[in-house]
Amino acid sequence: MISIIGAGKVGSAIGFLSASASLDDIVLVNRNKNKAMGEALDIVNVVPKNSTISVTGTDDYENIAGSQVVVITVNAGKIVTDRSDLIQYNIPIIKDISKKIERYASNAKVIVITNPVDVITYCILQESGLSVKNVIGMGSSLDSDRFRYAISKTLHTNQSGIESIVLGEHGNSMVPIFSTVKLDGKAIHFDKNQMTDITNEVRNYWRPLTELKGASVFGAAKHSYDIIKAIMKNESLEVPSSVMLHGEYGISDVCMGVPLVINKNGASIKEIDLDDSEHDMLVKSSNVIKNNIKKI
């Protein structure tokens, strides 16, 4: 069973993708029960004809009992100029939800979308006592696709064949890893101006998107769905996402985006080679997150 906490645009889009693929029974949890029920009535119409899955809307957390996956998409609905500004609004909500997950679905894999995702992922681990490998923050995979898009524009080519990855905070200190960028399997060199322009575009991608439509919906939903699918079908998905570090890359006691392998057993960290400047930026990014964690 897949439980989605928050039946807003992102949560409903994840429900739509999961139901379309008939991954498993879906429960939408929302404080407005009618909203959850309405989205469930809509989403159930995309379930394949040969599928036996159910789609349910509720405001009762008891219904998440037995979930293999719990996805957290809730937010306080505040408009901010920086993701970190959401801490004061979203943390109280997340602390309450964490206790409910611990009570009803302590063995579930938890996928976090609520921002600031690295801080929220850390908070859930502290509040719930869930296993480190079972709590995954979605952010860096989306940033990596935005990196790929920015590279394609710089190189005047399409996105096909571009390999790129972003690590660190899902925020202003994120670290695009230029040293590993490849096009059709071949390493690509960028000059300093190109790297600066691409980095700025990736870090600020969310700003015009938010101004134009309010929030990222489809990108966030698709990347979250990919993680859900890997867990439910026990695929080995290699993707950067936020997890707790215990010495990897010389960094500890912080959640941030690093390369992972995700399957039914949760997430395991896959360390990759970085050049010295990238590693330094990654450490700085971890310190930014740690400073924000102090605000919890």
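Everything in the sequence shown is counted per the working numbering, starting at 13 for the first residue and increasing by one. All C-beta atoms in this analysis are idealised placements derived from N, C-alpha and C, irrespective of residue type, glycine included.
Quiz prompt | Per DSSP, the bridge partner or partners of H182 | solution = Answer is none; H182 lacks a bridge partner.
Quiz item: Skipping 5 residues on each side, what residues in its chain have a beta carbon closer than 8 angstroms to that of L257?
Solution: I263, S264, D265, V266, C267, M268, V270, I281 and S298
Self-check item: The alpha helix (DSSP H) enclosing P60, as first and last residue numbers
Solution: Premise fails: P60 is in no alpha helix (DSSP H) and is neither H nor E.
Quiz item: Exposed or buried, what is Y101 when buried is set at 16 or more other beta-carbons lying within 10 Å of its beta-carbon?
Solution: exposed
Quiz item: Can I111 and S143 be called in contact, C-beta distance under 9 angstroms?
Solution: Rather than Ile, the amino acid found at residue 111 in this sequence is Lys. The answer is no: Cβ separation not under 9 angstroms.
Quiz item: What is the rounded straight-line gap between the Cα of D238 and the Cα of D292?
Solution: 30 angstroms
Self-check item: Alpha-carbon to alpha-carbon, Y134 and K107
Solution: 11 angstroms
Practice problem: Would you mind working out which of T85, I103 and V39 sits nearest I76, comparing C-alpha positions? | Solution: V39
Quiz item: Between I1 and G183, what straight-line distance do the alpha-carbon atoms span, to the nearest angstrom?
Solution: Because the chain in this structure spans residues 13 to 308, residue 1 falls outside the shown range and cannot be described.
Self-check item: Environment of D285 [buried if 16+ CB atoms lie within 10 Å]
Solution: exposed
Quiz item: Can you tell which of V41, A48, P60 and K47 has the C-alpha that lies nearest to the C-alpha of S30?
Solution: P60
Exercise. Taking K121 as part of the alpha helix (DSSP H), name the residues at either end of that continuous run.
Key: Where K121 is concerned, there is no enclosing alpha helix (DSSP H), although the beta strand (DSSP E) it sits in stretches over K121 to V124.
Quiz item: Is the beta carbon of I55 less than 9 angstroms from the beta carbon of F28?
Solution: yes
Self-check item: Spatial distance of S79 from D209 (CA atoms)
Solution: 43 angstroms
Practice problem: Given a cut-off of 9 angstroms, decide if L35 and I16 are closer than it, judged by their beta-carbon atoms. | Solution: no
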